[in-house]
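Peer 1:
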Amino acid sequence: SASSTSSSSTDFRPFFGLIVDGLHLHPTTVKIAWSAHPDGCILVTDAMHLVGLPDGMYTWGSSGRERIVKTGPRLTLEGSDKLAGSAISLVECVNNFLAWTGASVPLALKTVTETPARVLGMEGVKGSLVVGADADLVVFSEVGGEGGVQLVVDEVWKFGERAWTSEGDLEIAV
10 SASSTSSSST DFRPFFGLIV DGLHLHPTTV KIAWSAHPDG CILVTDAMHL VGLPDGMYTW
70 GSSGRERIVK TGPRLTLEGS DKLAGSAISL VECVNNFLAW TGASVPLALK TVTETPARVL
130 GMEGVKGSLV VGADADLVVF SEVGGEGGVQ LVVDEVWKFG ERAWTSEGDL EIAV
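Residues in the sequence shown are numbered consecutively from 10, following this note's numbering.
1. Using DSSP with H/G/I as helix, E/B as strand and the rest coil, what is residue 97?
2. According to DSSP, is residue 146 part of a helix, a strand, or is it coil?
3. Going by the beta-carbon positions, is the gap between residue 161 and residue 152 smaller than 7 Å?
4. Kindly indicate which residue of 66, 139 and 80 has the alpha-carbon position closest to the one of residue 123.
5. For residue 25, which residues in the same chain have their Cβ closer than 8 Å to its Cβ, ignoring the five residues on either side in sequence?
6. What are the boundary residues of the beta strand (DSSP E) that includes residue 83?
7. Would you call the CB atoms of residue 148 and residue 164 closer than 7 Å?
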């Protein structure tokens with residue numbers, strides 16, 4: 010069922026989302042949570058529109074009067090240390106997850122594919138490579154990094170059509 014990863018209602022184990030940016034949760038917390046229930050783990054971002062933009066000051070909110078400071082992935086309200094969100098991509102969260110948990114690449118990718126699809130009731134449509142699925146794909150390269158393997162996005166495919174490549178020769182089709 011979409012509300013449980015267990016077949017028995019008496020053995021209910023919930024799904025849970027982790028923001029794996031090093032700001033919202035400590036790496037040890039991420040490792041403990043995933044180790045306790047890997048089949049329920051879903052990686053999410055608290056990412057805002059500032060992902061990929063340079064560090065600096067940006068307007069925030071509908072009034073345009075509030076400002077937010079971006080320092081790496083950390084977003085804070087101007088003039089304070091109050092966390093206002095994160096500017097980390099999902100692949101960066103996956104890379105942190107790999108480094109902090111010791112999970113294999115397939116298990117880490119399950120937290121952003123198969124498990125979210127299952128909680129949304131979209132098994133066989135999203136999050137898997139099966140006949141009849143939407144063919145939304147990401148092609149990665151594995152590179153050795155600090156703390157182990159890191160993934161780099163090479164291509165993005167949407168409904169079987171290549172939508173983006175790291176070579177930059179395609180426009181994104183929405």
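Where a beta carbon is used, it is the ideal one built from N, C-alpha and C, also for glycine.
Peer 2: Reading it off the structure:
1. coil
2. strand
3. yes
4. 139
5. 42, 46, 49, 50 and 51
6. 83–86
7. yes
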